[in-house]
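Asker: Under numbering that gives the first Met the number 0, the sequence shown has 16 at position 17, and the numbering climbs by one with no breaks. Every residue, glycine too, gets a C-beta built ideally from N, C-alpha and C. Bear in mind that the values here come from a model prediction, so they are computed numbers and not experimental data. Can you keep this structure in mind? I'll have questions shortly.
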Amino acid sequence: MSSSSDEKKPADDAADAAAAAEDEQVVMLRSCDGEEFAVGASVAKMSGMVSNMIDDDCVDGGVQLPMVKGHVLARVLEYLNKKHGSAAEEFTNFKAEFFATLADREALFDVILAANFLHTQDLLDDACQCAADRIRGKKVQEIRDYFGIVNDFTPEEEEEIRKENAWAFD
(Lines of atoms letter the chains of each structure in order from A and count residues from 1; the text may use other names and numbers.)
(Lines give C-alpha, C1' and ligand atoms only; values in the text may rest on other atoms or scores of the structure.)
Protein backbone atom coordinates (compact mmCIF):
# COMPACT_ATOMS: atom_id res chain seq x y z
CA MET A 1 0.00 0.00 0.00
CA SER A 2 1.44 3.37 -0.93
CA SER A 3 1.23 6.45 1.15
CA SER A 4 -0.14 9.70 -0.19
CA SER A 5 3.39 11.13 -0.33
CA ASP A 6 4.42 8.38 -2.81
CA GLU A 7 1.57 9.14 -5.22
CA LYS A 8 2.25 11.40 -8.19
CA LYS A 9 -0.22 14.26 -8.60
CA PRO A 10 -0.93 16.22 -11.81
CA ALA A 11 0.48 19.34 -10.14
CA ASP A 12 3.72 17.42 -9.56
CA ASP A 13 3.84 16.45 -13.26
CA ALA A 14 3.39 20.10 -14.25
CA ALA A 15 6.11 21.14 -11.84
CA ASP A 16 8.43 18.44 -13.23
CA ALA A 17 7.71 19.62 -16.79
CA ALA A 18 8.38 23.23 -15.81
CA ALA A 19 11.65 22.24 -14.15
CA ALA A 20 12.69 20.27 -17.24
CA ALA A 21 11.82 23.26 -19.44
CA GLU A 22 13.97 25.50 -17.24
CA ASP A 23 16.89 23.07 -17.62
CA GLU A 24 16.44 22.81 -21.39
CA GLN A 25 19.10 24.37 -23.56
CA VAL A 26 17.99 27.61 -25.20
CA VAL A 27 19.06 28.29 -28.77
CA MET A 28 19.20 31.84 -30.11
CA LEU A 29 17.93 32.13 -33.69
CA ARG A 30 18.81 35.32 -35.54
CA SER A 31 16.88 36.33 -38.67
CA CYS A 32 18.47 38.06 -41.67
CA ASP A 33 17.05 41.40 -40.49
CA GLY A 34 18.56 41.03 -37.02
CA GLU A 35 15.57 39.87 -34.97
CA GLU A 36 16.53 37.35 -32.30
CA PHE A 37 14.38 34.54 -30.95
CA ALA A 38 15.24 32.42 -27.90
CA VAL A 39 13.93 28.93 -28.55
CA GLY A 40 14.04 25.76 -26.46
CA ALA A 41 16.25 23.08 -27.98
CA SER A 42 13.36 20.61 -28.24
CA VAL A 43 11.47 23.04 -30.49
CA ALA A 44 14.61 24.17 -32.35
CA LYS A 45 15.41 20.53 -33.15
CA MET A 46 12.19 20.35 -35.17
CA SER A 47 14.29 22.14 -37.79
CA GLY A 48 16.65 19.65 -39.41
CA MET A 49 19.20 22.38 -40.06
CA VAL A 50 19.21 23.69 -36.48
CA SER A 51 19.11 20.13 -35.10
CA ASN A 52 22.32 19.30 -36.96
CA MET A 53 23.94 22.46 -35.59
CA ILE A 54 22.87 21.57 -32.03
CA ASP A 55 24.22 18.04 -32.44
CA ASP A 56 27.54 19.46 -33.69
CA ASP A 57 27.72 22.02 -30.83
CA CYS A 58 27.62 24.93 -33.26
CA VAL A 59 24.96 27.07 -31.56
CA ASP A 60 26.91 28.80 -28.79
CA GLY A 61 26.93 32.19 -30.53
CA GLY A 62 23.42 31.75 -31.88
CA VAL A 63 22.26 30.57 -35.28
CA GLN A 64 22.26 33.09 -38.10
CA LEU A 65 19.46 32.48 -40.60
CA PRO A 66 20.41 34.56 -43.67
CA MET A 67 17.43 33.42 -45.72
CA VAL A 68 14.64 34.04 -43.19
CA LYS A 69 13.14 37.40 -42.23
CA GLY A 70 12.09 38.07 -38.64
CA HIS A 71 8.34 38.21 -39.25
CA VAL A 72 8.51 34.92 -41.16
CA LEU A 73 10.64 33.25 -38.48
CA ALA A 74 8.08 34.36 -35.91
CA ARG A 75 5.37 32.54 -37.90
CA VAL A 76 7.53 29.43 -38.29
CA LEU A 77 8.21 29.36 -34.55
CA GLU A 78 4.53 29.88 -33.81
CA TYR A 79 3.79 26.73 -35.85
CA LEU A 80 6.64 24.71 -34.29
CA ASN A 81 5.79 25.73 -30.72
CA LYS A 82 2.15 24.79 -31.22
CA LYS A 83 3.07 21.48 -32.87
CA HIS A 84 5.47 20.69 -30.03
CA GLY A 85 3.10 21.53 -27.20
CA SER A 86 -0.37 20.55 -28.41
CA ALA A 87 -2.58 17.52 -28.62
CA ALA A 88 -3.28 16.29 -32.15
CA GLU A 89 -6.84 17.63 -32.35
CA GLU A 90 -5.83 21.02 -30.96
CA PHE A 91 -2.96 21.24 -33.45
CA THR A 92 -5.24 20.34 -36.36
CA ASN A 93 -7.54 23.23 -35.41
CA PHE A 94 -4.55 25.55 -35.02
CA LYS A 95 -3.19 24.53 -38.43
CA ALA A 96 -6.42 25.50 -40.18
CA GLU A 97 -6.39 28.92 -38.52
CA PHE A 98 -2.64 29.37 -39.09
CA PHE A 99 -2.88 28.89 -42.86
CA ALA A 100 -6.07 30.93 -43.08
CA THR A 101 -4.12 33.88 -41.66
CA LEU A 102 -1.59 33.50 -44.49
CA ALA A 103 -4.17 34.99 -46.80
CA ASP A 104 -1.88 36.43 -49.43
CA ARG A 105 0.34 34.42 -51.69
CA GLU A 106 3.55 36.16 -50.59
CA ALA A 107 3.05 35.28 -46.91
CA LEU A 108 2.46 31.62 -47.77
CA PHE A 109 5.47 31.50 -50.10
CA ASP A 110 7.68 33.12 -47.46
CA VAL A 111 6.71 30.35 -45.02
CA ILE A 112 7.35 27.69 -47.69
CA LEU A 113 10.81 29.10 -48.42
CA ALA A 114 11.66 29.35 -44.71
CA ALA A 115 10.43 25.81 -44.01
CA ASN A 116 12.53 24.53 -46.90
CA PHE A 117 15.64 26.44 -45.74
CA LEU A 118 15.21 25.27 -42.14
CA HIS A 119 14.36 21.68 -43.14
CA THR A 120 11.11 21.66 -41.17
CA GLN A 121 9.46 18.95 -43.21
CA ASP A 122 6.04 18.95 -41.51
CA LEU A 123 5.62 22.70 -42.01
CA LEU A 124 6.88 22.47 -45.58
CA ASP A 125 4.42 19.66 -46.34
CA ASP A 126 1.52 21.52 -44.71
CA ALA A 127 2.34 24.82 -46.45
CA CYS A 128 2.68 23.15 -49.86
CA GLN A 129 -0.62 21.37 -49.26
CA CYS A 130 -2.17 24.76 -48.51
CA ALA A 131 -0.83 26.15 -51.81
CA ALA A 132 -2.12 23.08 -53.66
CA ASP A 133 -5.55 23.48 -52.04
CA ARG A 134 -5.67 27.10 -53.13
CA ILE A 135 -5.14 26.25 -56.82
CA ARG A 136 -7.25 23.08 -56.88
CA GLY A 137 -9.99 23.30 -59.49
CA LYS A 138 -8.69 26.52 -61.04
CA LYS A 139 -8.23 27.10 -64.74
CA VAL A 140 -4.75 27.37 -66.22
CA GLN A 141 -4.92 31.17 -66.45
CA GLU A 142 -6.07 31.46 -62.83
CA ILE A 143 -3.10 29.32 -61.72
CA ARG A 144 -0.73 31.46 -63.78
CA ASP A 145 -2.19 34.56 -62.16
CA TYR A 146 -1.86 33.07 -58.65
CA PHE A 147 1.81 32.15 -59.14
CA GLY A 148 2.64 35.22 -61.23
CA ILE A 149 3.58 33.14 -64.27
CA VAL A 150 3.68 34.94 -67.61
CA ASN A 151 2.45 32.88 -70.53
CA ASP A 152 5.30 33.05 -73.03
CA PHE A 153 3.77 30.56 -75.48
CA THR A 154 2.28 31.73 -78.75
CA PRO A 155 -1.30 30.57 -79.31
CA GLU A 156 0.04 28.03 -81.83
CA GLU A 157 2.58 26.62 -79.35
CA GLU A 158 -0.06 26.40 -76.66
CA GLU A 159 -2.44 24.56 -78.98
CA GLU A 160 0.35 22.08 -79.89
CA ILE A 161 1.04 21.41 -76.19
CA ARG A 162 -2.68 20.88 -75.57
CA LYS A 163 -2.80 18.32 -78.40
CA GLU A 164 0.31 16.48 -77.15
CA ASN A 165 -1.05 16.37 -73.61
CA ALA A 166 -4.77 16.04 -74.20
CA TRP A 167 -5.06 13.66 -71.24
CA ALA A 168 -4.19 16.52 -68.88
CA PHE A 169 -6.99 18.76 -70.11
CA ASP A 170 -9.90 16.33 -69.74
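How long is the line joining the alpha carbons of residue 88 and residue 125, rounded to whole angstroms?
Answerer: 15 Å
Asker: So is residue 74 buried or exposed if we call it buried at 16+ other beta carbons inside 10 Å?
Answerer: buried
Asker: Tell me which residue opens and which closes the beta strand (DSSP E) that residue 39 is part of.
Answerer: 35-39
Asker: Check this for me: beta carbons of residue 38 and residue 64, under 8 Å apart or not?
Answerer: no
Asker: Spell out a yes or no on whether the region 113-122 and the region 95-103 are touching, meaning 3 or more CB-CB pairs, one atom from each, closer than 8 Å.
Answerer: no
Asker: Please report how far the alpha carbon of residue 154 lies from the alpha carbon of residue 66, in whole angstroms.
Answerer: 39 Å
Asker: Are the CB atoms of residue 79 and residue 236 within a distance shorter than 8 Å?
Answerer: Because the chain spans 0 through 169 in this model, residue 236 falls outside it and cannot be assessed.
Asker: Which residues share a DSSP beta bridge with residue 30?
Answerer: When beta bridges are read from the DSSP output, residue 30 appears opposite 64.
Asker: Taking only the alpha-carbon atoms, compute the straight-line gap between residue 30 and residue 165 and give it to the nearest angstrom.
Answerer: 46 Å
Asker: How far does the alpha helix (DSSP H) with residue 128 in it extend, from its first residue to its last?
Answerer: 120-134
Asker: On a CA-only basis, which of 94, 104, 54 and 22 is nearest residue 134? Give me that one, please.
Answerer: Answer by Cα proximity: 104.
Asker: What's the call for residue 113, buried or exposed, on a 16-neighbour Cβ count within 10 Å?
Answerer: Residue 113 comes out buried.
Asker: Distance check for residue 147 and residue 106, CA to CA, integer angstroms please.
Answerer: Between the alpha carbons of residue 106 and residue 147 lies a gap of roughly 14 Å.
Asker: Which of the three DSSP states, helix, strand or coil, is assigned to residue 75?
Answerer: Helix at residue 75.
Asker: Output needed for residue 45: all residues of its chain with C-beta closer than 8 Å, excluding positions within five of it in sequence on either side, in chain order.
Answerer: 79, 82, 83, 119 and 121
Asker: If the criterion is Cβ atoms closer than 8 Å, does the pair residue 109 and residue 62 meet it?
Answerer: no
Asker: If you drop the 5 nearest sequence neighbours on each side, which residues of the same chain put their C-beta closer than 7 Å to that of residue 23?
Answerer: Result list for residue 23: 39, 40 and 41, in chain order.
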